[in-house]
Amino acid sequence: MKKIGVLTSGGDAPGMNAAIRAVVRKAIYHNLQVVGIKRGYEGLIQGNIEDMNLSSVADIIHKGGTMLRTARSDEFMTDAGLEKAINVISVFKIDGIVVIGGDGSFKGAQRLNEAGIPVIGIPGTIDNDMAYTDYSIGFNTAINTVLYAISNIRDTSTSHGRANIIEVMGRDCGDIALYAGLAGGAESIIVPEVDFSIDEICRRLIQGRNRGKLHSIIILAEGVVENSYEFAKEIEKKSGAETRLTILGHIQRGGSPTAFDRILASSMGARAVELLMEGKKGKAIGIRGNQIYDVDIKEALSCQKKINQDMYELAKILSI
Ligand code: F6P
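Per this note's numbering, the very first residue in the sequence shown carries number 655; after that it's consecutive.
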């Protein structure tokens with residue numbers, strides 16, 4: 655192992671820069687060369703590659719986004735795209751690649767691995783939808799961003815005695831809604847993994863109002879209802895509470911990473927380099943019970959993500 659490439663792919667996540675920094679600095683510490691592959695697999699196919707040195711990753715640990723930029727590449731998922739990528743890897747004499755990204759990025763990593771390229775995956779997505787790891791890089795920052803929004807909205811919700819629906823990201827995973835909802839004391843949390851009843855949400859809202867509760871926060875994970883505006887109207891009609899909807903959107907994807915995400919990213923980035931130096935390939939790095947560990951990317955991809963049912967029930971009990 656003489657030369658390592660690093661790329662970020664898919665949706666960006668706060669902490670990706672800290673992971674890139676860790677890969678670059680750890681590799682240079684061990685006298686390896688490092689190249690940055692720009693714009694994910696798209697940049698790999700196009701040979702959008704540049705040498706990295708210690709200074710290339712200076713002053714980025716606190717920044718959201720990814721200095722290597724990112725993309726979602728359809729071409730890479732074709733046989734012709736994979737062939738182009740392999741040619742570029744050989745031309746640039748890259749011996750191993752660290753891929754930082756989510757599910758789709760890991761599928762790409764597995765394709766490279768099956769083609770004989772040593773690849774290590776680092777989970778970077780705000781969604782926390784990768785079942786093999788307790789946490790992915792960016793999730794902690796995202797839930798804190800949502801929590802900040804909940805606190806602000808709760809102030810105005812109380813002042814007006816309104817119901818406020820806050821739509822959060824997560825694709826098919828309810829973790830952002832659940833963790834931020836529990837931390838923010840939300841009255842109702844709607845996630846894709848659990849069926850919900852609009853009548854129950856309204857009953858909780860009315861019961862709370864009857865005992866003097868002024869605010870009502872409903873956290874809604876994206877994609878659960880077809881039309882969030884119609885959903886808000888329905889809540890207003892059935893509960894009699896004036897209702898407002900806030901869609902947080904991409905605000906959740908940016909911002910300075912939390913200490914947790916920076917530490918996670920630094921540890922995982924450094925471990926990725928160690929694994930490549932140990933001759934390991936096709937591994938996904940994760941964290942389980944506060945321990946950094948690794949599994950085969952194939953196995954990581956086959957794990958089925960489930961909602962934390964206990965946490966979901968607890969959030970309900972505590973927000974009566
Ligand atoms: O996977 C991260 C994520 O932010 C999801 O939560 C969301 O559904 C999706 O990406 C949005 O993707 P895009 O930025 O391409 O619109």
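In this text, a Cβ means the ideal position worked out from N, Cα and C, and glycines have one as well.
Per the coordinates, the alpha-carbon of G909 lies some 6 Å from the alpha-carbon of P668. Per DSSP, the continuous beta strand (DSSP E) segment holding S870 begins and ends at 870-875. Only buried fits Q906, as 16 or more other CB atoms lie within 10 angstroms of its CB.
Membership of S842 in the beta strand (DSSP E) is indicated by the continuous run 842-844.
By the Cβ criterion, the region 819-829 is not in contact with the region 856-864, since fewer than three pairs of Cβ atoms, one from each stretch, lie closer than 8 Å. Contact annotation: Q687 and I658 have beta-carbon atoms nearer than 9 Å.
Distances between the C-beta of I905 and the heavy atoms of the ligand F6P are all 8 Å or more. DSSP, read as helix, strand or coil, puts M965 in helix. Rounded to whole angstroms, the gap between the alpha carbons of D666 and D781 is 11 Å. Within the chosen limit of 8 Å, the ligand F6P does not reach the beta carbon of D728 with any heavy atom.
Runs of alpha helix (DSSP H) with 4 or more residues, each lying fully within the region 763-821, are found at 793-814, listed in chain order.
Proximity to G755 across Y947, Q764, D749 peaks at Q764, based on C-alpha coordinates. Rounded to the nearest whole angstrom, the C-alpha separation of P772 and G750 is 5 Å.
Under the three-state reduction of DSSP, L899 is assigned to strand.
Of the candidates D757, K867, A785, V753, the residue whose Cα lies closest to the Cα of D809 is K867. Around the Cβ of I974, a 10 Å sphere holds fewer than 16 other Cβ atoms; the residue is exposed. With fewer than 16 other CB atoms across the displayed protein chains lying within 10 angstroms of its CB, T732 is exposed. Around the CB of Y683, fewer than 16 other CB atoms lie within 10 Å, so the residue is classed as exposed. In terms of side-chain proximity, the C-beta atom of R825 is found nearer than 8 Å to a non-hydrogen atom of the ligand F6P.
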